[in-house]
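Residues 1 to 198 in the UniProt record's numbering are what the sequence shown spells out, letter by letter. These notes are about the structure you will find just below.
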Amino acid sequence: MYNPSIRTPAVTPLTSTPSKGILERIQLVEEFYDGECKHMRDLITAVEYYMEPLRRLSILEPIEIHKLFYTIDRLLPVFEDLVLRLSRAIEVNSCVPLIAQVFLEWLDVRYLGIPSEEDCSSTHGIQHNATSVETPASTGFSFVAELIIDYVAHLFESREYLEAFIRHRTKFSDFLSRCSTTSSNQRLDLWHFLTAGS
């Protein structure tokens, strides 16, 4: 069972009155962080309350579970890592260039132009030189990017399998019905989850 610790980062207090632009950037960072936390919780829900019970109760065969959820159990630790990195970075400084650097490092992409402390603490608009990015091998995608792309590319097939299982597997459709009516399953609509992607 996955049990990550999601907490609100303790943002370092600003030493001077921030400009409107800085406040907007801080809000952008908070919204990005909250969105990634929600996405991680959805992944946890899909694994804990759908994939694992389907396997444990033998409602679907292992190969069918793989067709439905594909590599979601490999994807979850990757997003747990992103949320942890973002939380630590925000506690240091909720600065857009810094968070962008964290995101690119998580993707294993090199960011050519590291934000300076002055960039992040200035009460004026953050200005920095044009930068570029490259993957570790200069060509192709990093491991994390490939994992995400591969998972998302499989979602169309996952939705087709979901529809087929609902039509032809009574135990499976009954299981989904129970999930949608159980109070503890204010969880996740599986169809919506497979439609939303990563």
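All C-beta atoms, glycine included, are put in the ideal place defined by N, C-alpha and C.
Which whole-angstrom value describes the C-beta separation of residue i and residue j, a residue pair presumed to lie in contact below a C-beta threshold of 8 Å?
i           : j           : result
residue 42  : residue 175 : About 18 Å; that fails the 8 Å criterion.
residue 172 : residue 65  : At roughly 11 Å, the Cβ-Cβ gap does not stay under 8 Å, so residue 172 and residue 65 are not in contact.
residue 106 : residue 88  : With a Cβ gap of about 12 Å, residue 106 and residue 88 do not count as contacting.
residue 96  : residue 178 : With 8 Å as the limit, residue 96 and residue 178 do not qualify as a contact, their Cβ atoms being about 44 Å apart.
Tell whether a beta-carbon distance below 8 Å holds between residue i and residue j.
i           : j           : result
residue 190 : residue 71  : no
residue 90  : residue 152 : no
residue 159 : residue 181 : no
residue 51  : residue 32  : no
residue 79  : residue 39  : yes
residue 47  : residue 23  : no
Can you tell me where the alpha helix (DSSP H) holding residue i begins and where it ends?
i           : result
residue 37  : 20-45
residue 161 : 155-168
residue 142 : Where residue 142 is concerned, there is no enclosing alpha helix (DSSP H), given that its DSSP letter is neither H nor E.
residue 63  : 62-69
residue 195 : 190-196
residue 72  : 72-92
residue 54  : 52-56
Taking all protein chains shown into account, do 16 or more other C-beta atoms lie within 10 angstroms of the C-beta of residue i, making it buried, or fewer, making it exposed?
i           : result
residue 45  : buried
residue 83  : buried
residue 143 : exposed
residue 62  : exposed
residue 149 : exposed
residue 54  : buried
residue 165 : buried
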